[in-house]
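A.B. asks: My questions all concern the structure below.
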Amino acid sequence: MDQPHVNEKGMSILVTALFIVGETAGGGLIALPTAIVSTGAVTGAFLLLLAAVICTYTGTLLAENWIILQELYPEYRDHCRKPYPAMGLRAIGPKFAHFVSAILQVTQFGTAVVFVLLAAKNGENMLHANFGTHVSFCYMILIVGLLVFPFTLPKSPKDFWYAVVAAMISTTVSVVLIIIGSVKDYEVCKDDVFYPSFNLPKTLMSFGTIMFSYGGHCAFPTIQHDMKKPHHFSRSVIIAFIIIFIFYLPVSMSGYFVYGSSLTDSIIPSIQNINIQTTVNLLISLHVSLALTITFNPLNQEFEEVLNMSHDFGWQRIVSRALVMISVVFVAESVPNFGVLLDLVGGSTITMMALVLPILFNLSLTTIRKKRENKEDEEKISIKEVFQNSDKIKLLANILILVFATLGGIAATVSAMQSMLQSEFSAPCYAKLWSEDARLLEEQRQLTFEHGKIACCGMFRNISAMGSEVCLNAASLMKVGAGSHG
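As numbered in full-length UniProt numbering, the sequence shown has no gaps in its residue numbers, which increase by one up to the final residue, 486.
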């Protein structure tokens with residue numbers, strides 16, 4: 001193919017960049033400050049920058065991979081339900097394509113669960129802070145599922161690009177408001193801010209949080225496929241990750257220096273101005289709800305592919321996507337907080353999809369392309385051929401990233417699983433139907449909301465410009481809402 005493939009219709013470079021921001025930033029934005037408390041400010045800032053650079057690089061590799069597929073295999077120029085597994089098919093083989101598909105579904109499913117939990121948590125906090133009403137977290141999960149479901153019905157990202165651009169705008173406003181709220185709280189909290197002693201498992205789990213915050217790569221091939229000029233996707237990736245880093249750094253640093261270890265698994269409850277806290281809650285909930293439309297898309301398309309369903313809209317699509325939503329809601333009802341689950345997904349499958357697989361596919365596909373250009377047999381490629389056909393500087397960078405991803409991912413995953421098996425992971429919502437311990441946990445949650453509206457700063461979470469009476473019950477807060485890193 002002499003000229004890169006161009007679609008008749010599709011998204012522009014800028015809209016695609018905003019789309020990536022809307023799909024990637026959000027849940028990680030409000031969880032990062034807690035992770036940075038575990039790593040320290042300097043190490044945390046370095047990791048944020050390093051992860052941004054690496055994820056930008058692997059994002060451009062995914063872009064190159066898809067261009068190679070469209071160049072060598074014309075069938076991928078039309079609508080493709082599973083672009084990421086298609087890379088695995090052409091790069092390594094059919095069995096690996098099935099493996100990639102499974103990892104993709106686990107990643108998207110886990111991300112969807114985290115987002116549903118986050119939206120439910122925000123809704124619970126917002127209703128209490130503004131109306132003194134405590135709607136159970138478990139019921140909020142059901143409400144979120146019902147509200148989001150209609151937005152998961154469109155066929156592909158280009159059918160609801162405007163919604164995710166709105167999510168990006170909501171995130172931008174949230175960043176500004178979080179910084180303003182933190183600056184306002186600085187004078188009150190600065191003398192009582194404290195930081196935890198070094199804890200290796202907590203620090204390792206921060207890797208998972210950071211990867212979750214940057215690792216939107218699962219949806220990248222789908223987004224790229226819906227561009228007017230897919231070969232320009234690398235430009236969108238670079239623009240998007242610059243914006244995301246600009247979002248993440250000031251929010252993380254303001255949370256670290258103002259609130260320290262008093263942070264829960266989200267920075268939002270720590271903001272002492274109720275109006276700002278409420279607005280941020282609304283905006284992040286909006287962002288997460290809209291981002292779910294992208295997160296659900298690969299899940300839905302995979303399920304429909306298994307069922308051999310038509311691409312056209314009909315009752316079958318409604319039923320199949322309802323089943324997917326019910327599954328996500330059920331798992332969300334089975335976990336007590338999003339922090340540890342976020343770390344687990346970020347350290348395991350997202351690390352693989354965002355760092356490991358883009359590199360492996362690129363090494364293979366670029367070798368296949370060179371062999372085709374030389375009219376050589378491309379059906380089987382060896383590791384020796386990969387080394388021979390790869391740029392040596394690029395190859396070294398790829399190896400270093402693979403080592404970084406493997407060590408960091410394993411460490412973060414093991415640490416998160418240990419936390420899940422310990423006190424930070426408790427009984428599911430429905431367990432209170434038969435378990436006395438689960439009923440006690442629900443009573444503990446109710447105690448948290450008996451008085452106060454803010455996760456106050458200070459060692460005992462009782463420092464506020466409005467007095468300690470506005471502080472959430474500190475003892476129960478530490479049991480049911482503490483951050484996974486705190």
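C-beta atoms are modelled at their ideal positions from N, C-alpha and C, and glycine is treated no differently.
1) Given 8 Å as the limit, is there contact between the region 350 to 363 and the region 54 to 63, that is, 3 or more CB pairs closer than that?
2) Leaving out the 5 sequence neighbours to the left and right, which residues in its chain are closer than 7 Å to LEU278 when beta-carbon positions are compared?
3) For PRO250, which residues from the same chain have a beta carbon less than 6 Å from its beta carbon, with the 5 sequence-adjacent residues on both sides left out?
4) Specify the secondary structure class of ILE381 as computed by DSSP and reduced to three states.
5) Shortest alpha-carbon distance to GLU124 belongs to which of LEU282, ILE318 and ALA31?
6) Leaving out the 5 sequence neighbours to the left and right, which residues in its chain are closer than 8 Å to GLU71 when beta-carbon positions are compared?
7) Which residues share a DSSP beta bridge with MET227?
8) So what does CYS218 bridge to, in DSSP terms?
9) VAL340 to ARG372, Cα distance in whole Å?
10) Based on the DSSP output, what are the partners of CYS457 in its beta bridges?
11) Could you tell me which uninterrupted beta strand (DSSP E) segments, each at least 3 residues in length, are contained entirely in the region 247 to 311, listed from first to last along the chain?
12) In this structure, does DSSP put CYS471 in helix, strand or coil?
13) On a Cα-Cα basis, can you pick out the residue from ILE243, ALA167 and HIS231 that is closest to SER12?
14) List the whole-angstrom C-beta distance separating PRO221 from MET87, where the pair is believed to meet the contact cut-off of C-beta under 8 Å.
15) So is GLY346 buried or exposed if we call it buried at 16+ other beta carbons inside 10 Å?
16) Between which residues of its own chain and ASN362 is the CB-CB distance below 7 Å, once the five residues before and five after are set aside?
17) Since GLN252 and ILE36 should fall inside the 8 Å C-beta cutoff, what is the C-beta to C-beta distance between them, to a whole number of angstroms?
18) Please work out which residues of its chain come closer than 6 Å, Cβ to Cβ, to GLY181, disregarding the five sequence neighbours upstream and downstream, and give them in chain order.
19) Applying the 10 Å Cβ sphere with the 16-neighbour rule, what's the burial state of ASN122?
20) What's the gap between the Cα of VAL148 and the Cα of SER289?
21) Could you check how far apart the C-beta atoms of VAL173 and VAL15 are, in whole angstroms? I think they sit under 8 Å.
22) Determine the closest residue to SER415 out of THR367, GLY208, ASN300 and HIS98, with distance taken between C-alpha atoms.
23) Around the C-beta of VAL329, are 16 or more other C-beta atoms found within 10 angstroms, so that it is buried, or is it exposed?
24) If you compare alpha carbons, which of ALA397, LEU204, LEU177 and VAL386 is closest to ILE92?
25) To the nearest whole angstrom, what separates the beta carbons of GLY216 and ILE30, a pair I think is in contact under 8 Å?
26) List the whole-angstrom C-beta distance separating ILE210 from GLU23, where the pair is believed to meet the contact cut-off of C-beta under 8 Å.
27) In whole angstroms, what is the alpha-carbon distance linking GLY458 and LEU69?
28) What is the DSSP secondary structure of LEU147, counted as helix, strand or coil?
29) Since ILE359 contacts ILE54 with CB under 8 Å, what's their CB separation in whole angstroms?
C.D. replies: Judging by the given coordinates:
1) yes
2) One-based indexing of the sequence shown puts residue 278 at position 278. Correcting the residue identity first, residue 278 is Thr in this sequence and not Leu. Correct list, in chain order: MET126, ALA129 and ASN130.
3) Residue mapping note: residue 250 aligns to position 250 of the sequence shown, counting from 1. Within the same chain, PRO250 has close Cβ partners ILE179.
4) Locating residue 381 in the sequence shown gives position 381, counting from the first residue. Of the three classes helix, strand and coil, the one that applies to ILE381 here is coil, per DSSP.
5) As a working note, residue 124 is residue 124 in the sequence shown. Out of LEU282, ILE318 and ALA31, LEU282 has the C-alpha closest to the C-alpha of GLU124.
6) Residue mapping note: residue 71 aligns to position 71 of the sequence shown, counting from 1. Closer than 8 Å at Cβ, skipping near neighbours: MET1, PRO4, HIS5 and ARG369.
7) In the sequence shown, the residue the question calls residue 227 occupies position 227. Answer by DSSP bridge pairing, in chain order: MET11.
8) Locating residue 218 in the sequence shown gives position 218, counting from the first residue. Looking at the DSSP assignment, CYS218 forms no beta bridge with any residue, so it has no partner.
9) Numbered from 1 along the sequence shown, position 340 holds the residue referred to as residue 340. Numbered from 1 along the sequence shown, position 372 holds the residue referred to as residue 372. Roughly 46 Å separates the two Cα atoms.
10) Sequence index remark: in the sequence shown, residue 457 carries index 457 (1-based). Answer is ILE463, bridged to CYS457.
11) none
12) Along the sequence shown, read from residue 1 onward, the residue named residue 471 stands at position 471. Correct three-state label for CYS471: strand.
13) Here residue 12 refers to the residue found at position 12 of the sequence shown. Nearest option by C-alpha distance: HIS231.
14) One-based indexing of the sequence shown puts residue 221 at position 221. One-based indexing of the sequence shown puts residue 87 at position 87. Indeed, because the Cβ distance is near 7 Å, the residues count as touching under 8 Å.
15) Counting from one through the sequence shown, the residue named residue 346 turns up at place 346. GLY346 should be labelled buried.
16) Reading the sequence shown from its first residue, position 362 is the one you call residue 362. Within the same chain, ASN362 has close Cβ partners LEU61, GLU64 and ASN65.
17) Locating residue 252 in the sequence shown gives position 252, where the first residue counts as 1. Locating residue 36 in the sequence shown gives position 36, where the first residue counts as 1. At residue 252 the sequence reads Ser, which differs from the Gln that was named. Right, the Cβ-Cβ distance comes to about 5 Å (below 8 Å), so this counts as a contact.
18) Translated into the one-based positions of the sequence shown, residue 181 becomes position 181. Answer for GLY181: ILE271, ASN273 and ILE276, listed in chain order.
19) What you label residue 122 is simply residue 122 of the sequence shown in a count that begins at 1. ASN122 comes out buried.
20) Numbered from its first residue, the sequence shown carries residue 148 at position 148. Numbered from its first residue, the sequence shown carries residue 289 at position 289. Answer to the nearest angstrom: the Cα atoms are 6 Å apart.
21) Sequence index remark: in the sequence shown, residue 173 carries index 173 (1-based). Sequence index remark: in the sequence shown, residue 15 carries index 15 (1-based). About 19 Å separates the two Cβ atoms, so there is no contact after all.
22) As a working mapping, residue 415 is identified with position 415 in the sequence shown. The shortest Cα separation from SER415 among THR367, GLY208, ASN300 and HIS98 belongs to GLY208.
23) The residue you call residue 329 lines up with position 329 of the sequence shown. So VAL329 ends up on the buried side.
24) Here residue 92 refers to the residue found at position 92 when the sequence shown is read from its first residue. The option with the nearest alpha carbon to ILE92 is VAL386.
25) Residue numbering aside, residue 216 sits at position 216 when the sequence shown is read from its first letter. Residue numbering aside, residue 30 sits at position 30 when the sequence shown is read from its first letter. Not quite, the Cβ-Cβ distance comes to about 16 Å (not below 8 Å), so this is no contact.
26) In the sequence shown, the residue the question calls residue 210 occupies position 210. In the sequence shown, the residue the question calls residue 23 occupies position 23. About 17 Å; that fails the 8 Å criterion.
27) The residue labelled residue 458 in the question sits at position 458 within the sequence shown. The residue labelled residue 69 in the question sits at position 69 within the sequence shown. One C-alpha to the other measures close to 55 Å.
28) In the sequence shown, counting from the first residue as 1, residue 147 sits at position 147. Three-state result, LEU147: helix.
29) For the purposes of this step, residue 359 is taken as residue 359 along the sequence shown, with counting starting at 1. For the purposes of this step, residue 54 is taken as residue 54 along the sequence shown, with counting starting at 1. At roughly 10 Å, the Cβ-Cβ gap does not stay under 8 Å, so ILE359 and ILE54 are not in contact.
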